[in-house]
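Written below as structure tokens is the structure these notes are about.
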Amino acid sequence: MTRQLQRCKNKRFELYAITRIIHKVDDLDVKFVTQQYVARPNGFALTDLYLPQLKLHIEIDEGFHQGQIDTDKIRELDIITATDHLVRRIDAAVSIEQINIQVDKVVADIQQMIADQKILGCFQPWNPELEHSVEYLQSRGSIKVSENVALRTSAEVCNLFGHQYKGWQRSSASIPKQPNIKLWFPKLYPNEQWFNEISHDGTEIHEYCLESEAKKREVIDRNFSESFQYVVFARVKDELGQTMYRFKGVFELDRVKTSYEAGVFWKQIAIDYTF
């Protein structure tokens, strides 16, 4: 929590509003992230405060935002389009009393959202000690995309599915007693040999080989000849910039869209997995 707050220490009004929100919500079951990365059509955005369980982003508009209102509106629309999340704004270019009134309104909204989830039985308390625990996830017996499941290494992912590896460097792995299903650890961002991206709604992965035409055709031919399903744990950066492997669902080859010209397309067929 303190590391998260250190990330906004150079923005005084942002820090004031964020800490006031956190302290007034006063609930250690609620996870918060500062400077949350969100992909945009032409780059990315860093939202000031993000509450993952509520899918809520809070933006603190300091004085300089008065000169870029239209830009902020476009940015907000990009965030909503990319994530289907809510965005709330606090105008920090006003008196402290007015800032506090806005904070109180946001806090009331947060508390109501938490209460609504608890009534529906879908609120998932944050437990940072269990959040990335292989043993805890195994004890539950299943995982869901909506739970934002992530582990620190690909070896931990392999061990979640029954292996006992100390390390693992390959981009895929077998699943014991599941000969037709594999684990896959794609880097869902451009790199030297591959251009990989996931759709905004998370239901499609596009994989395109940049190494050579021969290699691209070899990969496509191999995929067409096989019939594996892949449990995808994408390699991503977490909110603190650390590499994580995040569960994206179960995918299979989209044989209609895949071609030598377009590359390989994978379609999501399940948003959960039972061990």
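Sequential numbering of the sequence shown, starting at 2, is according to the working numbering. Glycine included, each C-beta is placed from N, C-alpha and C at the ideal position.
Residue j beta carbon less than 9 Å from that of residue i
i	j	result
Q54	K32	yes
S173	K183	yes
A156	H164	yes
I111	L161	no
H153	Y261	The sequence given here places Arg at residue 153; His does not occur at that position. Not in contact: R153 and Y261 (Cβ atoms no closer than 9 Å).
H24	K56	no
D28	V146	no
F186	V233	yes
R21	N149	no
Sequence-distant residues of its chain with Cβ nearer than 6 Å to residue i (five each side left out)
i	result
A109	none
I270	V251, E253
Y209	F196, G264
D222	none
I1	This structure leaves residue 1 out entirely; the chain is present only between 2 and 276.
T1	Only positions 2 to 276 of the chain appear in the structure, and residue 1 is not among them; the question remains open.
G168	A156
L241	With a pLDDT of only 49 at L241, under the threshold of 50, the placement of this residue in the model should not be trusted, and no figure is reported.
I199	L189, I206
Neighbourhood of residue i by C-beta, 7 Å cutoff - its chain only, sequence neighbours within 5 removed
i	result
L47	Q36, Q37, Y38
Q5	F33, V34, T35
L138	I144, V150, L161
Residues bridged to residue i (per DSSP)
i	result
H207	E198, F266
Y261	Note: Y261 sits in no beta bridge, so no partner.
I91	I61
D273	K145
M245	V237
I182	Q230
F252	Y231, Q269
Y38	L47
S173	W185
A116	Paired residue(s): none; A116 is not in a bridge.
A151	R247
Residues near residue i by beta carbon distance below 8 Å, same chain, minus five either side
i	result
T275	G142, S143
I89	According to the sequence shown, residue 89 is Arg rather than Ile. Correct list, in chain order: L57, H58, I59, E60, V107, D110.
R256	F225
K178	G163
Q243	R153
M114	L55, L57
beta-carbon residue i near the ligand SAM non-hydrogen atom, thresh 8 Å
i	result
V220	The ligand SAM is absent from the structure shown, which contains no ligand whatsoever.
Integer-rounded CB distance, given that residue j should sit under 8 Å from residue i
i	j	result
K249	A235	5 Å
I206	W267	4 Å
E15	D49	6 Å
N192	F229	Going by Cβ atoms, the distance from N192 to F229 rounds to 22 Å, so no, they are not a contact pair.
E63	K12	7 Å
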